[in-house]
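Novice: Residue numbers (this note's numbering), protein chains in the order written: chain A, 174 to 580; chain B, 174 to 580. Even glycine gets a Cβ: it sits at the ideal position worked out from N, Cα and C.
2 protein chains.
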Amino acid sequence: MGLIVCKFGGSSVAGIDKINKVASRIKSLQAEGYGIVVVVSAMGDTTDELLKLATGIGNNLNLREMDALLATGEQQSAALLALALDKIGCKAISLTGWQAGVKSNSNYSKAKISGIDKQRMEKELTAGKIVVVAGFQGLSADGDVTTLGRGGSDTSAVAIAASLGAKRCMIFTDVDGVYTADPRIVKEAQKLPSITYEEMLEMASLGAVIIQPRAVEFAMLYGVDIEVLNSFSLEPGTIITEVTNMEQHKIVTGVAHDCKCAKIGIFDVPDKPGIAGIIFSALARAGVNVDMVIQSAMREERNDIAFTICSDDLHLAVPVVEEVVKEIGASGMSYGDNVAKVSIIGAGMQSNPGVAAAMFEVLATENINIQMISTSEIKVSCIINEDDVETAIKALHRKFKLNQIND
Amino acid sequence: MGLIVCKFGGSSVAGIDKINKVASRIKSLQAEGYGIVVVVSAMGDTTDELLKLATGIGNNLNLREMDALLATGEQQSAALLALALDKIGCKAISLTGWQAGVKSNSNYSKAKISGIDKQRMEKELTAGKIVVVAGFQGLSADGDVTTLGRGGSDTSAVAIAASLGAKRCMIFTDVDGVYTADPRIVKEAQKLPSITYEEMLEMASLGAVIIQPRAVEFAMLYGVDIEVLNSFSLEPGTIITEVTNMEQHKIVTGVAHDCKCAKIGIFDVPDKPGIAGIIFSALARAGVNVDMVIQSAMREERNDIAFTICSDDLHLAVPVVEEVVKEIGASGMSYGDNVAKVSIIGAGMQSNPGVAAAMFEVLATENINIQMISTSEIKVSCIINEDDVETAIKALHRKFKLNQIND
Chain A
174 MGLIVCKFGG
184 SSVAGIDKIN
194 KVASRIKSLQ
204 AEGYGIVVVV
214 SAMGDTTDEL
224 LKLATGIGNN
234 LNLREMDALL
244 ATGEQQSAAL
254 LALALDKIGC
264 KAISLTGWQA
274 GVKSNSNYSK
284 AKISGIDKQR
294 MEKELTAGKI
304 VVVAGFQGLS
314 ADGDVTTLGR
324 GGSDTSAVAI
334 AASLGAKRCM
344 IFTDVDGVYT
354 ADPRIVKEAQ
364 KLPSITYEEM
374 LEMASLGAVI
384 IQPRAVEFAM
394 LYGVDIEVLN
404 SFSLEPGTII
414 TEVTNMEQHK
424 IVTGVAHDCK
434 CAKIGIFDVP
444 DKPGIAGIIF
454 SALARAGVNV
464 DMVIQSAMRE
474 ERNDIAFTIC
484 SDDLHLAVPV
494 VEEVVKEIGA
504 SGMSYGDNVA
514 KVSIIGAGMQ
524 SNPGVAAAMF
534 EVLATENINI
544 QMISTSEIKV
554 SCIINEDDVE
564 TAIKALHRKF
574 KLNQIND
Chain B
174 MGLIVCKFGG
184 SSVAGIDKIN
194 KVASRIKSLQ
204 AEGYGIVVVV
214 SAMGDTTDEL
224 LKLATGIGNN
234 LNLREMDALL
244 ATGEQQSAAL
254 LALALDKIGC
264 KAISLTGWQA
274 GVKSNSNYSK
284 AKISGIDKQR
294 MEKELTAGKI
304 VVVAGFQGLS
314 ADGDVTTLGR
324 GGSDTSAVAI
334 AASLGAKRCM
344 IFTDVDGVYT
354 ADPRIVKEAQ
364 KLPSITYEEM
374 LEMASLGAVI
384 IQPRAVEFAM
394 LYGVDIEVLN
404 SFSLEPGTII
414 TEVTNMEQHK
424 IVTGVAHDCK
434 CAKIGIFDVP
444 DKPGIAGIIF
454 SALARAGVNV
464 DMVIQSAMRE
474 ERNDIAFTIC
484 SDDLHLAVPV
494 VEEVVKEIGA
504 SGMSYGDNVA
514 KVSIIGAGMQ
524 SNPGVAAAMF
534 EVLATENINI
544 QMISTSEIKV
554 SCIINEDDVE
564 TAIKALHRKF
574 KLNQIND
């Protein structure tokens, strides 16, 4: 009998009705003959409510205590789901992270899983029980409760699937799967039957947040197949897996976009070694991640430097850059968040030159100005004006024939 | 340096402001030079809200999962109190029941503490930290989270105090201490500076629920002094301890009353061996505890039997008794919850005959009819009409000079 690990996110267990629906879904999976481990996130707003309490106390900085506090949310949803399964006649047992043997380092609030002691889970599975594990949490070597940071429950699920040698890790969420483009914008967008780990990683980091990149990296490392699918629909989802021949004939798998971009420009930067280091280490100290960078030699000994960051970080970055401008003797700066990133992704790109050129042509035809370009082996990203995003992704979707994915 | 264990109940930590106030109170205790372990209950309504979720799911019968669910409430308040202490400069660490080493049997929802592995608590105390323990919970030998049932946090606190050899266990609550009578009814009621374990047990079981009887029994067994005091006042409370000479000169320590009584009468019960057994074992099977019983021989071979139960159980008891009446051939039954129990308690009573008689006289003078009587070595209880309670306890309070307790 095969084993399946299922993960249900916070929106899938937000309330009694949804928890009962999730229980029915799990029951039908069990009826297909699978052994089942379920990983759950906290119900809907629970984590936000706990954060609000800590903020009210006036101290959300003691990360050890914050983790002890936040981990209770998943413990509650796990127990409630076990009760719901029990009610419909499925033997079930809820386990906290530490009971499930999820070990982590002590890096509170963003701990990394260091190993899984699967003994307890195997014992309960052997006893014929559905094991419901509180996601997002682990236990440090000191015996303290940790949380795994953003997307931690996805990572819990994949790690548990890897340790138990599960046939598949099913990530149930509020979308039907991974699409060739955002279906809210591109009507012809197709659900992909499968996608490679690398493509999914690019997709996720480029704005299509369906599953946390950390979980995909983990799955890639341990060769676990992930299926992303809708909690409340019976349609198959998208399988994230190794490259297969079937997939390689497609050059471009999908079009992604990210409107949470901001661009900062610095004018007349002296062309001396170490200047870029000053700028970007100042930003790093302020906790700002820089995405794309271009440096353009305008005239001798003076350059312009432009880079993009997440628009949420703009208020942090601007004062830092203003300081740096004075320090390095640049002539000024500009910034704005009216930019967006549009990307094409495809594992087949590696062996097909000319894909980037085709993308630039499409944008030119649509009269869209490209402000920056960044490429990797399996993606090409362009920074464009935010107003042009819809036109761009529709045109790219057509150009690369992504509406024919299921033909 | 002495060690103190403090326990704060749900109403003392119901909300951010109260948690911050509790933190200040603990800080001033620490300033007096004590090492401190704090045991907390869940915030105000948390437990009720979790119960409501389980009821909504339609399954609150799987006690293992109910315990896993409910235990999160105390974990949250412990973490929040640790955050509040941390904010005002007190090094603090929250521990769940299992982290604090509280071991129990597997009797979910009303588990009994089987031992305490004090290693982790001692390590944190040695490191100068205030240890905040989630009350009401333990860990079974199978590694499962249990809850200790009603008043479990009081019991956690006393057990931890016993295991750590604490100087005192302070139970902070929403009353100022133990009074000679309910101060809402008897204006002259005095706060007792001290009371013996036995007296407190009688008080508690007779309706003055300030601390759970189980916790008092535990304290008596291990010789732990308990102080009951108000969370939000700096007045000393009442110390529950061994009999001391000081206390023995008072014959009656307090007057207690309990209006949650119901009385059931069965008429013309055949006077055969085993009949009482039939009645009371049927009630026990229905989960109804019988308090006082009288059997009056009216005429040959037929008796009337009357007994009292908690009025909450009346709806359970009535159909059981109706069945039994038919089965044993009694002539009928009566029931009502318009009765109450009034009691006088005092360790000094043992060596002072005539106390019961004095009580009956007082009630007779007030023209109050006594329906049943029950006595133990340190208390006398009478069942009277509920409407007479106020008159009765005021008169008894005067008679036994309880307003002079502090003279």
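Cβ closer than 7 Å: which chain B residues qualify as neighbours of A:Ile333?
Specialist: Here the question's residue 333 of chain A lines up with position 160 in the first sequence. Those within 7 Å of A:Ile333 in chain B number zero; the least Cβ separation is about 17 Å.
Novice: Using a C-beta to C-beta distance shorter than 7 Å, which residues of chain B count as neighbours of A:Ser267?
Specialist: Along the first sequence, one-based indexing puts residue 267 of chain A at 94. Within chain B, the residues near A:Ser267 are Glu238 and Ala241.
Novice: Cutting at 7 Å between CB atoms, please list the residues of its own chain near B:Gln203, excluding the five before and the five after it.
Specialist: Walking along the second sequence from the start, residue 203 of chain B turns up at place 30. Once the five neighbours on either side are set aside, the close Cβ partners of B:Gln203 are Ile209, Cys263 and Ile303.
Novice: A:Leu268 bridges to which residues according to DSSP?
Specialist: As a first step, residue 268 of chain A must be located in the first sequence, where it is residue number 95. For A:Leu268, which the question treats as bridged, DSSP gives the partners A:Val306.
Novice: Would you list the one or two residues that DSSP bridges to A:Tyr508?
Specialist: The sequence position of residue 508 of chain A within the first sequence is 335, counting from 1. In the DSSP output, where bridge partners are listed per residue, A:Tyr508 has A:Ile437.
Novice: Would B:Ala568 be called buried (16 or more neighbouring beta carbons within 10 Å of its own) or exposed?
Specialist: In the second sequence, the residue the question calls residue 568 of chain B occupies position 395. It counts as buried.
Novice: Taking B:Ile286 and B:Ala332 to be in contact with their CB atoms under 8 Å, please state how far apart those CB atoms are, rounded to whole angstroms.
Specialist: Translated into positions along the second sequence, residue 286 of chain B becomes position 113. Translated into positions along the second sequence, residue 332 of chain B becomes position 159. With 8 Å as the limit, B:Ile286 and B:Ala332 qualify as a contact, their Cβ atoms being about 5 Å apart.
Novice: Are the stretch 362-374 of chain B and the stretch 283-301 of chain B touching, with three or more C-beta to C-beta distances below 8 Å?
Specialist: Short answer: they don't touch.
Novice: If the criterion is Cβ atoms closer than 7 Å, does the pair B:Thr581 and B:Ala273 meet it?
Specialist: Here chain B has residues from 174 to 580 only, and residue 581 of chain B is not among them.
Novice: Within its chain, find whatever has a CB closer than 6 Å to the CB of A:Met545; leave out the 5 residues flanking it on each side and keep chain order.
Specialist: Indexing the first sequence from 1 puts residue 545 of chain A at position 372. Closer than 6 Å at Cβ, skipping near neighbours: Met465, Ile467 and Ile556.
Novice: For the candidate residues B:Ser484, B:Leu312 and B:Ile199, whose alpha-carbon lies nearest to that of B:Val461?
Specialist: The sequence position of residue 461 of chain B within the second sequence is 288, counting from 1. Ranking the options by Cα distance to B:Val461, first place goes to B:Ser484.
Novice: What is the rounded straight-line gap between the Cα of A:Glu420 and the Cα of A:Phe345?
Specialist: The count along the first sequence starts at 1 and reaches residue 420 of chain A at position 247. The count along the first sequence starts at 1 and reaches residue 345 of chain A at position 172. In this prediction, A:Glu420 scores a pLDDT of 49, lower than 50, which makes its location untrustworthy; the coordinate-derived value is nonetheless stated afterwards. Distance between the alpha carbons of A:Glu420 and A:Phe345: 23 Å.
Novice: Evaluate A:Asn540 with the Cβ neighbour count: other Cβ atoms within 10 Å of its Cβ, from every protein chain shown; 16 or more gives buried, anything less gives exposed.
Specialist: For the purposes of this step, residue 540 of chain A is taken as residue 367 along the first sequence, with counting starting at 1. When all chains shown are included, A:Asn540 counts as exposed.
Novice: Against A:Arg293, what residues of chain B qualify as contacts under a CB-to-CB distance less than 9 Å, listed in chain order?
Specialist: Residue mapping note: residue 293 of chain A aligns to position 120 of the first sequence, counting from 1. Here the neighbours are Gly316.
Novice: Just grab the DSSP bridge partners of B:Phe480 for me.
Specialist: The sequence position of residue 480 of chain B within the second sequence is 307, counting from 1. In DSSP, B:Phe480 forms a bridge with B:Ile437 and B:Val466.
Novice: Are the C-beta of B:Asp347 and some C-beta of chain A separated by less than 7 Å?
Specialist: Translated into the one-based positions of the second sequence, residue 347 of chain B becomes position 174. So, not an interface residue.
Novice: Starting from the N-terminal side, write out each stretch of the beta strand (DSSP E) that is 3 residues or longer and does not extend beyond the stretch 321-355 of chain B.
Specialist: Segments of the beta strand (DSSP E) lying fully in the stretch 321-355 of chain B: 341-346.
Novice: Taking B:Lys445 as the reference, give the member of B:Lys433, B:Thr219, B:Ile478 and B:Leu407 with the closest Cα.
Specialist: Start at 1 with the first residue of the second sequence, and residue 445 of chain B comes out as number 272. The shortest Cα separation from B:Lys445 among B:Lys433, B:Thr219, B:Ile478 and B:Leu407 belongs to B:Ile478.
Novice: At the level of alpha carbons, what is the spacing between B:Lys180 and A:Ala196?
Specialist: Reading the second sequence from its first residue, position 7 is the one you call residue 180 of chain B. Reading the first sequence from its first residue, position 23 is the one you call residue 196 of chain A. Distance between the alpha carbons of B:Lys180 and A:Ala196 is about 39 Å.
Novice: Can you give me the C-alpha to C-alpha distance between A:Val493 and A:Leu456, rounded to a whole angstrom?
Specialist: Walking along the first sequence from the start, residue 493 of chain A turns up at place 320. Walking along the first sequence from the start, residue 456 of chain A turns up at place 283. Rounded to whole angstroms, A:Val493 to A:Leu456 spans 7 Å at the Cα level.
Novice: Under DSSP, the alpha helix (DSSP H) around B:Met393 begins and ends at which residues?
Specialist: The residue given as residue 393 of chain B occupies position 220 in the second sequence. Segment Pro386 to Tyr395, the alpha helix (DSSP H) holding B:Met393.
Novice: Nearest to A:Ser404 by CA position, among A:Ile192, A:Ile177, A:Gly175 and A:Glu238, is which residue?
Specialist: On the first sequence, residue 404 of chain A is found 231 positions in, with the first residue counted as 1. Nearest option by C-alpha distance: A:Ile192.
Novice: Quick test of your reading: B:His430 and B:Ala513, contact by CB under 8 Å. State the CB separation rounded to the nearest angstrom.
Specialist: Residue 430 of chain B sits at position 257 when you count from the first residue of the second sequence. Residue 513 of chain B sits at position 340 when you count from the first residue of the second sequence. The Cβ separation is near 6 Å, so the contact holds.
Novice: Output needed for A:Val535: all residues of its chain with C-beta closer than 7 Å, excluding positions within five of it in sequence on either side, in chain order.
Specialist: As a position in the first sequence, residue 535 of chain A is number 362, starting the count at 1. Cβ neighbours of A:Val535 beyond the five flanking positions: Ala568, Leu569 and Lys572.
Novice: Helix, strand or coil for A:Pro526, going by three-state DSSP, please let me know.
Specialist: Taking the first residue of the first sequence as position 1, residue 526 of chain A is located at position 353. Reduced to three states, the DSSP call for A:Pro526 is coil.
Novice: For a quick check, are the C-beta atoms of B:Phe453 and B:Val463 less than 7 Å apart?
Specialist: As a first step, residue 453 of chain B is located in the second sequence; it is residue number 280 there, counting from the start. As a first step, residue 463 of chain B is located in the second sequence; it is residue number 290 there, counting from the start. It is a contact, given that the beta carbons lie within the stated cut-off.
Novice: Indicate whether at least one CB of chain A lies closer than 7 Å to the CB of B:Gly231.
Specialist: In the second sequence, residue 231 of chain B corresponds to position 58, counting from 1. Chain A, which has a Cβ nearer than 7 Å to the Cβ of B:Gly231, makes this yes.
Novice: Return the first residue and the last residue of the beta strand (DSSP E) that A:Phe181 is part of.
Specialist: The residue given as residue 181 of chain A occupies position 8 in the first sequence. Its beta strand (DSSP E) spans residues Leu176 to Phe181.
Novice: For A:Asp431, does the three-state DSSP call read helix, strand or coil?
Specialist: Position 258 of the first sequence, counted from the start, is the residue given in the question as residue 431 of chain A. Note: A:Asp431 maps to strand in three-state DSSP.
Novice: Pop quiz: A:Tyr281 and A:Leu226 are said to be a contact at Cβ under 8 Å. What is the actual Cβ separation, rounded to whole angstroms?
Specialist: For the purposes of this step, residue 281 of chain A is taken as the residue at position 108 of the first sequence. For the purposes of this step, residue 226 of chain A is taken as the residue at position 53 of the first sequence. 18 Å between Cβ atoms; not a contact.
Novice: Could you check whether the stretch 404-413 of chain B touches the stretch 349-358 of chain B, counting it as contact only if at least three pairs of C-beta atoms, one from each stretch, sit closer than 8 Å?
Specialist: Flag = yes, the stretch 404-413 of chain B and the stretch 349-358 of chain B touch.
Novice: Under a three-way DSSP split, which group does B:Glu559 fall into?
Specialist: Here residue 559 of chain B corresponds to residue number 386 of the second sequence, with the count starting at 1. Here B:Glu559 sits in helix by DSSP.
Novice: Please tell me whether A:Ala251 and A:Leu258 are closer than 7 Å, where the distance is taken between their beta carbons.
Specialist: For the purposes of this step, residue 251 of chain A is taken as the residue at position 78 of the first sequence. For the purposes of this step, residue 258 of chain A is taken as the residue at position 85 of the first sequence. Taking 7 Å as the Cβ cut-off, A:Ala251 and A:Leu258 do not qualify as a contacting pair.
Novice: Can you give me the C-alpha to C-alpha distance between A:Ile384 and A:Gly324, rounded to a whole angstrom?
Specialist: By one-based count along the first sequence, residue 384 of chain A stands at place 211. By one-based count along the first sequence, residue 324 of chain A stands at place 151. About 7 Å.
Novice: Pop quiz: A:Ala330 and A:Val178 are said to be a contact at Cβ under 8 Å. What is the actual Cβ separation, rounded to whole angstroms?
Specialist: Taking the first sequence and counting its residues from 1, one reaches residue 330 of chain A at position 157. Taking the first sequence and counting its residues from 1, one reaches residue 178 of chain A at position 5. Rounded, the Cβ-Cβ distance is 5 Å, consistent with contact.
Novice: Rounded C-beta distance between B:Met522 and B:Ile543? I'm assuming under 8 Å.
Specialist: As a working note, residue 522 of chain B is residue 349 in the second sequence. As a working note, residue 543 of chain B is residue 370 in the second sequence. Not a contact, Cβ separation roughly 18 Å.
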